[in-house]
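Trainee: Residue numbers (this note's numbering): 1307 to 1616.
Note that beta-carbon positions come from the ideal geometry of N, C-alpha and C, so glycine has one too.
Here's a structure for you.
Structure, rendered in structure tokens:
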């Protein structure tokens, strides 16, 4: 559905995004994460057509966003990080105004307004002035305007920023509900939110793509910790040669031991094969156990080493 093809963006001499490529399929909920200044917001603005890349292009169902940004924006709902809502307006007046800006009118405008306020659970706040709302409610209003015109794609930049834990849970549940029939790309600094909400994570470091993988894969679904003593420098290559192994990631180890994360291909239990290899090679098997990581672990590896998965 969305194809980001080798995009780069420069601000003067600063290269904010460099040769970035990825694709998003219809119905996916994608988490876009990375350090401050990594290029996440710039990437989102390019996808939405509010910025034009210096190089590369973004396609939505084959159409180049930069060549016809208005057409692309008809299919995109966008919540910027700053969530620019006019504080003096009532919620209803703001949403009606945004709907008219989107070309909605008459019964269609009323129908979409009713849907958006119900989906975002703000029906009881329509007459409230925006400035009187909590941060969580303002975020709900911002998401309501993003879905008002029934877009196929939602781009949400830091939708849970500044919210308390209860508000985060509410927005997370709302995004999950919206993701049932829309493609969602969200950025956040709260990595646990990506674990809970998204099916896939894209991690940008220094304007480039360091990680692009399914959440269950990144968090170690069937991945094993494998630690041995009395093993040689060829241990990693021997592990990679085991049938069913998709990836072997060397880890730091204590003196005279070697430690790895061994990632299987889908649905394969590698424990018996790894145990047999250790016995066959005469290694002293110190650990063979399921690995459970967090996205914080993945983030740390990516920002230190420049990438852990693709």
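1) Here's a check: name, in chain order, each residue in its chain whose Cβ is nearer than 8 Å to the Cβ of residue 1550, leaving out the five neighbours to either side.
2) I need the straight-line Cα distance from residue 1352 to residue 1316, nearest angstrom please.
3) I'd like to confirm the pairing. Which residues does DSSP put opposite residue 1407 in its beta bridges?
4) How long is the line joining the alpha carbons of residue 1430 and residue 1422, rounded to whole angstroms?
5) Does the count of Cβ pairs from the stretch 1510 to 1519 and the stretch 1541 to 1560 closer than 8 Å reach three?
6) On the DSSP bridge assignment, give the partners of residue 1570 in chain order.
7) By Cβ distance below 7 Å, which residues in the same chain neighbour residue 1485 in space, the five residues on each side in sequence not counted?
8) Pull up the distance between the alpha-carbon of residue 1362 and that of residue 1582, whole angstroms please.
9) With DSSP as the reference, label residue 1341 as helix, strand or coil.
10) Going by beta carbon distance, what residues of the same chain come within less than 7 Å of residue 1346, once the five residues before and after it are set aside?
11) Could you tell me the alpha carbon to alpha carbon distance between residue 1425 and residue 1547, rounded to whole angstroms?
12) With respect to the beta strand (DSSP E) encompassing residue 1357, which residues constitute its N-terminal and C-terminal limits?
13) Using 8 Å as the Cβ pair cut-off and three pairs as the minimum, do the stretch 1319 to 1331 and the stretch 1493 to 1503 touch?
14) Return the residue from the list 1601, 1531, 1543 that minimises the CA-CA distance to residue 1593.
15) Using the Cβ count rule (16 or more neighbours within 10 Å means buried), how would you classify residue 1407?
16) Is it the case that the Cβ atoms of residue 1537 and residue 1589 are separated by a distance below 8 Å?
17) Could you compute how far the alpha carbon of residue 1379 sits from the alpha carbon of residue 1432?
18) Using a threshold of 8 Å, state whether the C-beta atoms of residue 1441 and residue 1460 are closer than that.
19) Quick check on residue 1277: does DSSP put it in helix, strand or coil?
20) Among 1568, 1481, 1471, 1475, whose alpha-carbon lies nearest the alpha-carbon of residue 1448?
Mentor: Judging by the given coordinates:
1) Counting only residues of its own chain and dropping the five nearest sequence neighbours on each side, residue 1550 has a CB closer than 8 Å to the CB of 1570, 1571, 1574, 1576, 1579.
2) In this structure, the CA atom of residue 1352 is about 12 Å from the CA atom of residue 1316.
3) Answer by DSSP bridge pairing: none, since residue 1407 is not bridged.
4) Cα-Cα distance, rounded: 13 Å.
5) In short, these stretches do not touch, since the Cβ pair count stays below three.
6) In the DSSP output, where bridge partners are listed per residue, residue 1570 has 1551.
7) Contacts found: 1335.
8) C-alpha of residue 1362 to C-alpha of residue 1582: approximately 48 Å in a straight line.
9) In the structure shown, the three-state DSSP call for residue 1341 is coil.
10) Result list for residue 1346: 1338, 1340, 1493, 1510, in chain order.
11) Cα-Cα distance, rounded: 51 Å.
12) From DSSP, residue 1357 is part of no beta strand (DSSP E); its letter is neither H nor E.
13) Output reads no: the stretch 1493 to 1503 does not touch the stretch 1319 to 1331.
14) The shortest C-alpha separation from residue 1593 is found at 1531.
15) Exposed: under 16 other Cβ atoms inside 10 Å.
16) Against a cut-off of 8 Å, the Cβ pair of residue 1589 and residue 1537 comes out as a contact.
17) Between residue 1379 and residue 1432, the alpha-carbon positions lie close to 26 Å from each other.
18) With respect to the 8 Å criterion, residue 1441 and residue 1460 are not classified as neighbours on the basis of their beta carbons.
19) Since the first and last residues shown for the chain are 1307 and 1616, residue 1277 lies out of range.
20) Closest in C-alpha terms to residue 1448, from the list 1568, 1481, 1471, 1475, comes 1481.
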